[in-house]
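Counting along the sequence shown from 1, when you hit position 579 you're at 579 in full-length UniProt numbering, and nothing is skipped either side.
Glycine included, every Cβ here is placed at the ideal spot set by N, Cα and C.
All values reported here derive from a predicted model rather than from experimental measurement.
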Amino acid sequence: MDQQNELPEFLRFNKYGAILTLEDRKRIAESRGICIHCGRTTHKVTAFRNKPLDNDNFRHGICLVCHPEERTAAPPTFSSHAEEKNRRSKARGRRNVSSNNLAKSSLSSDETSSPHASIDTIDPHPSRQSSDLSTSTPDAWDILRSMRTNPQNVSLLTRKCHKLRSFGSNLTGSMYEVVEVMKRFPDERELIRAGIGALWALVAEGGDDDVKMEALEAEVGEVILGALRDGWDDVGLVSWGMGALSCLAEGMGGRARLLEENVVDGIECVLRNYQGGKEDDVLVLYWTFRCLASLLAIYMEDEEYVSRGNFNDDNEILEDLEAVDDYKEAIFEREIVHYVLSAMKNVVMTSSSYTDFLTLQMGFVFIVRLFPKSFGGCQEDELRILLDICEKAVALETHGLFPTLQNISCACICFILIAGSNEKAFTTGKPAGWLEAAVNVLRVKNCKDVVVRDVMMCTLSHTFCWERAFCIASMMVEQTNEFCLETCLWIVWGILSGEYTKKPRPSLLLQATEIVKNALSEYEDRPSIIILGLAILSDVATLHVITEVDSLIPAIFYLKSKYREHEILNAEANKFLSNICKTSDIAALIENAYAEIDIPIMACSTSIHLIYKVSLLTGNSEFSLEDLKDAVKTWHQSRRDFNLAAKILFLLSSKAKVYIKSSEKVRNILLAKAQHCKWSTFCCFSIEYIKDVMENTTSMELQQYACMSLSHVAVLAHNLNLASLDIATTLAAIVEAQDFGVKQLHATWALLTLDCQLPPSLLSDLASCSINAILEHLGSRTDIVSAGVAVLSIISLRSRPLLQGLDEKTIENMIEVVIKVMYECLDQTGNNPHIILFGLHMLRICSAVPSLHDAIVKHGGIVAVIDGMTVNHDDAAIQEDGCKILRSLSSIKLETKIGLIEGDAVDAILNILVTYGGGTNARLLSDAFEILSYLSISKATRSFITSQGGLILITNSMRALSEDATIQERGLRALANLASDIDDSIIEMSDMSSTITSSLGNHIAEITIQQVGLSLVRNLSLRSNAVKDQVVASGCLESVISAMTLHMTNTKIISLSLSILFNLSNKDQCMCILCDTNTLQLISHALMINLQCQKTQIVGIKVLCLLSSLDEIANGSKFLEAVVFAMLFHFSSEAIQLSGCKLLTRCSFHQQSETDPSDLDSMIAEAIISAMDNFPLRVKIQEHAIDAMENMSIHENFMVALQSNSSRAIHAIHNAMTVSSSMETFERGGDIIGKLQ
């Protein structure tokens, strides 16, 4: 219970004050590494793991106070030496292998030996300790037991620390024991040195970051730094101390703790007292430099370190980077850089041993890590000292053991000079000496050395600004030496490519050009020299016009062909060719050279730029689809480079325009089956690539380039009639573009011209985007407004019929926006025919849907259409669309017709007749005629049209297009509607009769024209004598007879023709025609054929009545048959019965008929009796029937037929005698009855 009360509160209660359960206590204790019973720390909790403690109070993380049963009399059994060695070799954190070995070799196995003995024999790869120094844990337990048993025996403790140095393991907790011993005897130098050695071995052997963190937690760093401050004059102690600190500084996590323990101050103290002036100083300086380099190392850039998983989270990385920055700040605040450079200078002056070289190399590593960005933060005097050190270091005779030392020295020279190239202070220095030192190394280096080739020569090429004469001289002298020539070429390239205000002299350019030309021919097997030469030529071409390109271009292409797989060489060759490609002649040479060799022409970005430039100058786009695919592949590899994409888009556009701009003959060749397939594949490929560009770029400029190219490709696809392209995703990419501007609108329009299936939702999205673009730029950007209206127009076209796929709201918005744009163009910004045309085109499609008429009218579409037509009266396309809209609107509702009349639609139509009445546009005139027909709804309107010369305009247009059947039909309808109630004087002035006659004669086979024309003629035949005279004089009667002859079975034509003949029968010309036997026969046949048409029979019998005085009528049985059949068939028609009876009173037949005479008499008798029976109260019919009986009674057969129906006849006669008041009728009736009786 007491133990429970001694527990910390977090193991007893939760944050709400409730008592924790056993499970919660276990969880909290495990996470914090403490004992659940007493709260003592049982595990070392680090950033990486919870490591169990193992000492007198704890056994493998188990509290021995709470669990005394875990105590054992003897230490536990551990693995064998071999197993322990294998385990350590597999442990994490092997960055310290070399430092561990150095520590083991420098710390001799002899516990009494001096560290001075290892200074001259240091080896970076020493062997392991001899096997007699066993690392078994039982031995370590014995050592610790001995140390604890004799805590005051300094000599024994010193020997045991030396013994522990060979084990390198902290399993027995020896690290804590050594730290405790060192704290207990701070003044015992030998014991302190032995303790530092043991700690160094323990830290170095552990290897991973957890061991170092544990060591720092055990105050190892603090103890060592204290020993260094107290024993700075002891070389062995200081060297071992710095070695141990360098091990602690490596890796992550420990550096921050060392900074808190003022390790930088300790290092400064060491450097202040050890400047390399003595022989024993070198080893101290090595470990000091190594410690400084370790403190500044950035391990997140070390792939090996990262691959082992030594980073747990991002916060750990950030903390470690902050620690590096803190160390740099602390170093700059002190004089450490000065001390380091001073010590390196002293060492380099006397360097002769392995240790000296290794120390210098480590010093350079520290300097490079301290100034990673070209020594930008280093003071001028410090740079001079460092350059002098580098000059001496590159000249050291290391016998090939330390190539890194010389390479890093050369690199430092180059980077320092580059960093100070604009500093005036360096001009007073001695750069020639420093450069000469670096060049001396280059002369003896192997030309295949990677560092020399890729670093030194490149950086040396930027140093010419101080010693141009030196560089030029070296270039000229070393031409015969391949390696030195390559170096000189680097320098020349640096001169030409440097960003300096003063450009090279022309003489230098000529020298460089000649040297390179010779190098290209003499060293064609050395790609590195060729690359440098091409780079120089490329820069010369930008500054100077290179001559003799005719011979140089084939040489370049020979090298390209030879090294077709060498990317860098080909890239430099392409750059050179691009720079000299300044005229169309040179571009043609390059194009021909490509044609002569078989190499990919667009396999890299530079080749694409070259082809782009050649295509610009020559206007030729003869490259294959495979080349374009290579270009796209290159674009993907370049992570979708902006400039590269723009050039590829240009090439796609150029190839598409080759077909678009070609002649019709060339197009037909390209449309051959094989070529059509290639062009189709090209279109599919281009559209897919452009879509990819638009989906993977946020640049509005590149999206505009893509849309421009897409427009050309879409036009090509439209010309090829490609209908299987997937344009939906491309249109969707346009919709998602950051800016829906004019280029996007043009591309959308071009794609929508393709006959491809599109989802309705996409069309709605495109319409919405277009509407938004129009409203945003209305009044400011006419081009965007025009393109937007064009897109809306083609969207409505794609949605036909009946605008399917678009919702009503979207359609109405489209109509409203288009009408608004038309008003804006007409009222504010001035006329824009393109916008008006596209707007009318969309309204025309909408007007074809009757349900949208109200929307068009509601938003002011009538006035917008009429005003657009009026302003653009000379634009036939606008007039056509306008007429179609007006025709659709005027064809249904009366209210809309009235609105059109009030909106001056008549004036617009009459303007069309005036402008295009000469017959230049048949479709336009036909629509205009039909509109006039629809608008002739009142006498006032008709009078206005005719007063404005409407009849004359119509007849003139009909004469000009006399062969057009549609024009004639609609013109005749318009004339018929207008002439229905106008004055005869206007008809006489228009002379429409001749126009009608011409139309009827030219289109005799067109039934509709004949019907409309004859209807109009019949109307005219009812007019005044003057009008009738015009009709007769025009030869219209002949057209009437022709129509009857050709269209004998058309009841309407026959009826109208007979009506015309009847109405004009008072004219001599008409009577002459009617009296003709053929005409009579024609009328007879017409009546017989069209027996069922009552109207035809009425008019025909009337005509026969007019001609009853003729012998052909009076004695013709054919005519009697026609009349009798009509009377019998239409027995209920009073008019037919009356006219028939009247005709029978005047006719008889003497000629033989096809019908048996007795049958004919019977039919006549039946017809007369039927007429009398059906109309008993019609006096005229009864009287004419009695007269007909009397007239026909002269025929015996008639009387016989009448006798057979005597009862009916007598009854009918009695009825006639009753209703008639005429005595003649009474007497004639009595006579007939007498004959019947």
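From which residue to which residue does the alpha helix (DSSP H) around Pro760 run?
Within the sequence shown, numbered from 1, the residue matching residue 760 stands at position 760. Taken as a continuous stretch (DSSP letters only), the alpha helix (DSSP H) holding Pro760 covers 760-777.
Sub-8 Å separation of Leu216 and Gly254 beta-carbons
Start at 1 with the first residue of the sequence shown, and residue 216 comes out as number 216. Start at 1 with the first residue of the sequence shown, and residue 254 comes out as number 254. Using a Cβ distance threshold of 8 Å, Leu216 and Gly254 count as a contacting pair.
Three CB pairs or more closer than 8 Å across the region 1170-1183 and the region 1214-1222:
Yes: the two stretches touch, three or more of their Cβ pairs being nearer than 8 Å.
What did DSSP end up calling Arg781 once you bin it into helix, strand or coil?
Within the sequence shown, the letter at position 781 stands for residue 781. Note: Arg781 maps to coil in three-state DSSP.
Assuming Val347 contacts Gly276 (C-beta within less than 8 Å), just tell me the rounded distance between them.
Position 347 of the sequence shown, counting from 1, holds the residue named residue 347. Position 276 of the sequence shown, counting from 1, holds the residue named residue 276. Right, their Cβ atoms sit about 4 Å apart.
Among residues of its own chain, excluding the 5 on either side of Thr1218, which ones have a beta-carbon nearer than 7 Å to its beta-carbon?
For this step, residue 1218 is matched to residue 1218 along the sequence shown. Non-local beta-carbon contacts of Thr1218 in its own chain, meaning distances under 7 Å to residues more than five positions away in sequence, are absent.
Write down the C-beta distance between Val178 and Cys161 rounded to the nearest angstrom, noting that I regard them as a contact closer than 8 Å.
Within the sequence shown, numbered from 1, the residue matching residue 178 stands at position 178. Within the sequence shown, numbered from 1, the residue matching residue 161 stands at position 161. At roughly 6 Å, the Cβ-Cβ gap stays under 8 Å, so Val178 and Cys161 are in contact.
Straight-line Cα distance separating Arg781 from Phe650
Mapped onto the sequence shown, residue 650 falls at position 650. Mapped onto the sequence shown, residue 781 falls at position 781. Taking the straight line from one Cα to the other gives about 25 Å.
Where Thr1049 falls: helix, strand or coil (DSSP)
For the purposes of this step, residue 1049 is taken as the residue at position 1049 of the sequence shown. If DSSP states are grouped into helix, strand and coil, Thr1049 belongs with coil.
Starting from Trp287, trace the alpha helix (DSSP H) in both directions and tell me its first and last residue.
As a first step, residue 287 must be located in the sequence shown, where it is residue number 287. Where Trp287 is concerned, the enclosing alpha helix (DSSP H) stretches over 281-296.
Ignoring anything shorter than 4 residues, give me the alpha helix (DSSP H) runs that lie fully in the region 840-884, in order along the chain.
Runs found: 853-858, 861-871.
8 Å Cβ shell around Glu1227 - same chain, five flanking residues per side excluded
Here the question's residue 1227 lines up with position 1227 in the sequence shown. Counting only Cβ-Cβ distances below 8 Å, and skipping sequence neighbours, we find nothing.
Would you check if the region 1065-1072 and the region 1088-1100 touch, i.e. whether three or more CB-CB distances between them fall below 8 Å?
Between the region 1088-1100 and the region 1065-1072 there are fewer than three C-beta pairs closer than 8 Å, too few to call the two in contact.
Environment of Asn921 [buried if 16+ CB atoms lie within 10 Å]:
In the sequence shown, counting from the first residue as 1, residue 921 sits at position 921. Counting the other Cβ atoms within 10 Å of the Cβ of Asn921 gives 16 or more, which makes it buried.
Classify residue 1266 as buried or exposed, calling it buried when 16 or more other Cβ atoms lie within 10 Å of its own Cβ.
The requested residue 1266 does not occur in the structure, where the chain is confined to residues 1 to 1237.
Between which residues of its own chain and His859 is the CB-CB distance below 7 Å, once the five residues before and five after are set aside?
Indexing the sequence shown from 1 puts residue 859 at position 859. Cβ within range, chain order: Ile815, Glu816, Ile819.
To the nearest angstrom, how far is it from the Cα of Glu222 to the Cα of Lys345?
If you number the sequence shown from 1, residue 222 lands on position 222. If you number the sequence shown from 1, residue 345 lands on position 345. So the two alpha carbons sit approximately 31 Å from each other.
Under a three-way DSSP split, which group does Ala674 fall into?
As a position in the sequence shown, residue 674 is number 674, starting the count at 1. Its pLDDT being 48, under 50, Ala674 is placed unreliably by the model, and the measurement read from it follows with that caveat. The DSSP-derived three-state label of Ala674 is helix.
So if DSSP puts Thr59 in a beta bridge, which residue, or which two residues, is it bridged to?
Within the sequence shown, the letter at position 59 stands for residue 59. Inspection of the sequence shows that residue 59 is occupied by Arg rather than by Thr. Answer is Ile62, bridged to Arg59.
Is the Cβ-Cβ distance between Arg27 and Cys63 less than 8 Å?
Position 27 of the sequence shown holds residue 27. Position 63 of the sequence shown holds residue 63. Between Arg27 and Cys63, the CB-CB gap reaches or exceeds 8 Å.
Going by CA-CA distance only, name the one from Gln948, Glu808, Phe838 that's closest to His853.
Counted from its first residue, the sequence shown places residue 853 at position 853. Of Gln948, Glu808, Phe838, the residue nearest in Cα terms is Glu808.
Rounded to whole angstroms, what's the CA-CA distance from Val306 to Gly251? Just pull it up for me.
Counted from its first residue, the sequence shown places residue 306 at position 306. Counted from its first residue, the sequence shown places residue 251 at position 251. No answer about Val306 holds up, because its pLDDT of 49 lies below 50 and its placement is not dependable.
Straight-line gap, Met349 to Leu237 (C-alpha atoms, nearest Å)
Against the sequence shown, residue 349 aligns to sequence position 349. Against the sequence shown, residue 237 aligns to sequence position 237. C-alpha of Met349 to C-alpha of Leu237: approximately 26 Å in a straight line.
Assumed close pair Leu258, Leu248 - CB separation to whole angstroms, cut-off 8 Å:
For the purposes of this step, residue 258 is taken as residue 258 along the sequence shown, with counting starting at 1. For the purposes of this step, residue 248 is taken as residue 248 along the sequence shown, with counting starting at 1. At roughly 6 Å, the Cβ-Cβ gap stays under 8 Å, so Leu258 and Leu248 are in contact.
Through-space distance from Val785 to Leu972, alpha-carbon basis
Against the sequence shown, residue 972 aligns to sequence position 972. Against the sequence shown, residue 785 aligns to sequence position 785. Linking Leu972 to Val785 through their CA atoms gives a straight-line distance of about 42 Å.
Leu1058 - DSSP class collapsed to helix/strand/coil
Within the sequence shown, the letter at position 1058 stands for residue 1058. Helix, per DSSP.
Does the distance from the CB of Ala905 to the CB of Ile937 come in under 8 Å?
Locating residue 905 in the sequence shown gives position 905, counting from the first residue. Locating residue 937 in the sequence shown gives position 937, counting from the first residue. In this structure, Ile937 does not lie closer than 8 Å to Ala905 by Cβ.
For Lys1052, which option in Ser1015, Asn831, Phe185 has the closest C-alpha, if you only look at C-alpha atoms?
Along the sequence shown, read from residue 1 onward, the residue named residue 1052 stands at position 1052. Closest option to Lys1052, Cα to Cα, is Ser1015.
Please name the residue in Leu589, Asp388, Glu397, Cys390 whose C-alpha comes closest to that of Tyr354.
Walking along the sequence shown from the start, residue 354 turns up at place 354. The shortest Cα separation from Tyr354 among Leu589, Asp388, Glu397, Cys390 belongs to Glu397.
To the nearest angstrom, how far is it from the Cα of Arg1208 to the Cα of Gln968?
Position 1208 of the sequence shown holds residue 1208. Position 968 of the sequence shown holds residue 968. Their Cα atoms are separated by approximately 55 Å.
Which residue wins for smallest C-alpha separation from Leu1106, given the options Ala1126, Leu53, Ile795, Asn1063?
On the sequence shown, position 1106 is the one that residue 1106 refers to. The residue with the shortest Cα to Cα distance from Leu1106 is Asn1063.
Using a Cβ-Cβ cutoff of less than 7 Å, which residues in the same chain neighbour Ile599 once the five nearest sequence positions on both sides are dropped?
For the purposes of this step, residue 599 is identified with residue 599 of the sequence shown, where counting begins at 1. Cβ-Cβ distances below 7 Å link Ile599 to Lys560, Ser561, Arg564 in the same chain, with the five nearest sequence neighbours on each side left out; the list follows chain order.
Which full runs of the alpha helix (DSSP H) of 4+ residues lie inside the region 1011-1047, going along the chain?
If only complete runs of 4 or more residues are kept, the region 1011-1047 shows the alpha helix (DSSP H) at 1025-1033, 1036-1046, in order along the chain.
Taking C-beta to C-beta, are Met1127 and Ala1171 nearer than 8 Å?
Indexing the sequence shown from 1 puts residue 1127 at position 1127. Indexing the sequence shown from 1 puts residue 1171 at position 1171. A contact, by the Cβ cut-off of 8 Å.
By DSSP, does Thr359 sit in helix, in strand, or in coil?
Here the question's residue 359 lines up with position 359 in the sequence shown. Of the three classes helix, strand and coil, the one that applies to Thr359 here is helix, per DSSP.
Among Asn832, Leu751, Asn570, which has the Cα closest to the Cα of Arg798?
For the purposes of this step, residue 798 is taken as residue 798 along the sequence shown, with counting starting at 1. If you compare the alpha carbons of Asn832, Leu751, Asn570 with that of Arg798, the shortest gap goes to Leu751.
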